[in-house]
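First comes the structure, then the notes that go with it.
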Amino acid sequence: MKEIKRDVYLNKLISRKENGLIKIITGIRRCGKSYLLDPLFKNSLLESGVKPDHIIKLELDKEENAKYRDSHELNEYIKSQIKDKDMYYILLDEIQMVEGFESVLNSFLYERNLDVYVTGSNSKFLSSDIITEFRGRGDEIKVFPLSFAEYVEAFKGDKQDAWNEYVLYGGLPLILSKKTDEEKSKYLKDLFDQTYIKDIIERNSIQRVDILDSIINMLASSVGSLTNPKKIYDTFVSNGEKEISSNTVNSYIKYIEDSFIVNKSDRYDVKGKKYIQTPQKYYFSDIGLRNARLNFRQQEENHIMENIIYNELLLRGYNVDVGVVELREGNQRKQLEVDFVCNLGNKRYYVQSALNLDTREKTIQEERPLMNINDNFKKIIVVKDTMKHWITEEGILVIGIQEFLLDKNSLDL
């Protein structure tokens, strides 16, 4: 397997070095957070002249380090390694496994020669209480599974073969080391059962594992479709499940989100400039995990493509909502959907996902929501076809999915 470069994230760590903040690296387990710290960032420190004994690293999910999950033991260990006044770099992997880690990290903030980097696989440890505990001195870096651009760079084969593999098995880095379809499928399924679900059950004392399993399956089936906790709860009730409450469904969905398995995208009324509380869309952080969850059935190209585009937009740093454009036709009001409304600072883009624009009628259909937005922000349609980007008669950029994903400046073409 080729070395996987994660330069986007490595450069973020390097730019934040010694900034007085705790660097908090988040993301789903097995997405490459540990690899980012060691060897990538660790090697960068060594190449810059940092002495090996001034880099203190602990992998807290390893059993040989179990005793350091006690906050007192962890604190004592780190202090025992500090021998002088030079800068020390503290790399702590899976910090959420330490009970009371907040107080330990806070104590590090008062030591001027400690630069601290931690990873975590659960967003609960970034709750508002903990941010308050850090007094604004935490700096989050979100890590995602491999983007298609990263995947292509490490893939042994041509770009189209890479795409065929990516849309099926996703971008978790270790998938590139698996040689057969059977190995890849087993790896993804085992991750769900032995890592992700196990973590959720243990962390949240889940009683109804069957309900948790069913909710994950429903979210996987509904990728690209509107849903909400009430709709999922109603499905259980209609199937004869009586010993479950709507609060349980809400909680279980939140636990799944907290583990970074899925991300929720809210609906935004573009003309009314307000959020619509429900329903929402849920997208999987890795499309391979979604596919494995459904035993590689339900391979709807449009929904898979939409999920991949959503993840790419998040990776590029955008806040991403599902857009709603309301029209009045005669005496009736009609809602049209814009797949993604993307915001970053003063930038905004409207992005529509479409398998193809093979007829004028299809082009008009996909353009219609975009054409009814009365502002001058850029409007884009991403299609499956491998093609050179072009501009429609109405001034909308049409770009092929692979060009969109491989060109980091594709939104500004």
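Residue numbers for the sequence shown follow the numbering used here, so the first one is 823 and each next one is one higher.
For each residue, glycine too, the CB sits at the ideal point set by N, CA and C.
Could you say if the region 1004–1023 and the region 1170–1180 meet the contact criterion of at least three C-beta pairs nearer than 8 Å? No: fewer than three Cβ pairs fall under 8 Å.
Could you tell me if residue 949 is buried or exposed, where buried requires 16 or more neighbouring beta carbons within 10 angstroms of its beta carbon? Residue placement at residue 949 cannot be trusted, given a pLDDT of 49 that sits under 50; the coordinates are not used to answer.
Alpha carbon to alpha carbon, how far is residue 898 from residue 1117? Spanning the alpha carbons of residue 898 and residue 1117 requires a straight line of approximately 47 Å.
Among the candidates 1046, 1038 and 1047, whose CA atom is the shortest distance from the CA of residue 1071? Of the residues 1046, 1038 and 1047, the one whose Cα lies closest to the Cα of residue 1071 is 1038.
Output the distance between the C-alpha atoms of residue 951 and residue 926, rounded to the nearest integer angstrom. Its pLDDT being 49, under 50, residue 951 is placed unreliably in this model, and the value from its coordinates should be taken loosely. Residue 926 has its alpha-carbon roughly 15 Å from the corresponding atom of residue 951.
Is the distance from the Cβ of residue 1114 to the Cβ of residue 1014 below 8 Å? Their beta carbons are under 8 Å apart, which means residue 1114 touches residue 1014 by this criterion.
Distance between beta carbons of residue 828 and residue 859, contact taken as under 8 Å: Not confirmed; about 11 Å, so no contact.
Cβ-Cβ distance between residue 1020 and residue 848 below 8 Å: No, the Cβ-Cβ distance between residue 1020 and residue 848 is not below 8 Å.
Run of the beta strand (DSSP E) containing residue 1155, from where it starts to where it stops: It spans 1154–1166 - the beta strand (DSSP E) in which residue 1155 sits, taken as one unbroken run.
Span of the alpha helix (DSSP H), counted from its first residue to its last, around residue 930: Where residue 930 is concerned, the enclosing alpha helix (DSSP H) stretches over 923–931.
What are the boundary residues of the beta strand (DSSP E) that residue 1106 is part of? In the DSSP assignment, residue 1106 falls within the unbroken beta strand (DSSP E) covering 1096–1106.
Return helix, strand or coil for residue 1037, following the three-state DSSP convention. Residue state for residue 1037 is assigned as helix, using DSSP reduced to three classes.
Thinking C-beta only, is residue 864 closer than 8 Å to residue 846? Residue 864 is positioned such that its CB atom lies no closer than 8 Å to that of residue 846.
Could you pull the start and end residues of the beta strand (DSSP E) that residue 1085 belongs to? That run of the beta strand (DSSP E) goes 1084–1091.
Indicate the three-state DSSP secondary structure (helix, strand or coil) for residue 1214 in the structure shown. Residue 1214: coil per DSSP, three-state reduction.
What does the Cβ neighbour count give for residue 891, buried or exposed, with the cut at 16 atoms within 10 Å? Its Cβ being crowded by 16 or more others within 10 Å, residue 891 is buried.
Would you mind sorting residue 1107 into buried or exposed? The rule is 16 or more other CB atoms within 10 Å of its CB. By the neighbour-count criterion, in which a residue is buried when 16 or more other Cβ atoms sit within 10 angstroms of its Cβ, residue 1107 is buried.
Helix, strand or coil for residue 1048 per DSSP? Here residue 1048 sits in coil by DSSP.
Since I believe residue 910 is in contact with residue 904 (beta carbons under 8 Å), could you give me their beta-carbon distance rounded to a whole number of angstroms? Sure, about 6 Å apart at Cβ, within 8 Å.
When you compare only the Cα positions, how much space is there between residue 1018 and residue 1083? Answer to the nearest angstrom: the Cα atoms are 8 Å apart.
Are there three or more Cβ pairs, one per stretch, closer than 8 Å when the region 1129–1142 is compared with the region 1153–1168? The region 1129–1142 is in contact with the region 1153–1168.
Closest by CA to residue 1229, which one among 1215, 1210, 1216 and 1217? Out of 1215, 1210, 1216 and 1217, the CA that lies nearest to the CA of residue 1229 is found in 1210.
Would DSSP call residue 891 helix, strand or coil? Correct three-state label for residue 891: helix.
Out of 1212, 928, 1104 and 1222, which has the shortest C-alpha to C-alpha gap to residue 1205? The shortest C-alpha separation from residue 1205 is found at 1222.
Which residue marks the beginning of the alpha helix (DSSP H) containing residue 1076, and which one marks its end? Looking at the DSSP string, the run of the alpha helix (DSSP H) that includes residue 1076 is 1068–1080.
Beta-carbon proximity list for residue 1214, same chain, < 7 Å, skipping 5 on both sides: By the criterion of a C-beta distance shorter than 7 Å, residue 1214 is surrounded in its chain by 1185, 1189 and 1220, once the five residues flanking it on both sides are discounted.
Using 8 Å as the cut-off, can you tell me whether the region 1117–1130 makes contact with the region 1043–1055, which would need three or more C-beta pairs spanning the two stretches below that distance? Between the region 1117–1130 and the region 1043–1055, the count of C-beta pairs closer than 8 Å reaches three or more; the two stretches touch.
Could you check whether residue 1066 and residue 1316 sit closer than 8 Å to each other, using their CB atoms as the reference points? Outside the modelled stretch of the chain, which goes from 823 to 1235, sits residue 1316, for which no answer is possible.
Leaving aside the five residues before and after residue 1160 along the sequence, list all residues of the same chain whose C-beta is less than 8 Å from its C-beta, in chain order. Setting aside the 5 residues that flank it on each side, residue 1160 is surrounded in the same chain by 1092, 1144, 1145, 1146, 1147, 1172, 1173, 1174, 1191, 1192 and 1195, each with a C-beta closer than 8 Å to its C-beta; the list follows chain order.
Output the boundary residues of the beta strand (DSSP E) element that contains residue 936. Run containing residue 936: 936–942, per the beta strand (DSSP E) assignment.
Can you check which of these residues, 1040, 935, 920 and 919, is closest to residue 907 by C-alpha distance? Here the closest residue by C-alpha is 935.
Counterpart residues of residue 1175 in DSSP-defined beta bridges: Beta-bridge pairing links residue 1175 to 1204.
Between residue 832 and the rest of its own chain, which residues show a CB-CB distance below 7 Å, the 5 nearest in sequence each way excluded? Cβ within range, chain order: 858, 862, 863 and 866.
Close Cβ partners of residue 1090 (< 8 Å) along its chain, the five nearest in sequence each way excluded: Cβ neighbours of residue 1090 within its own chain (closer than 8 Å, five residues either side excluded): 1096, 1097, 1098, 1143, 1144, 1145, 1146 and 1163.
For residue 1065, which of helix, strand or coil comes out of DSSP? It is coil, neither helix nor strand.
Checking 8 Å against the spacing of the C-beta atoms, do residue 931 and residue 959 come in under that value? Cβ atoms of residue 931 and residue 959: closer than 8 Å.
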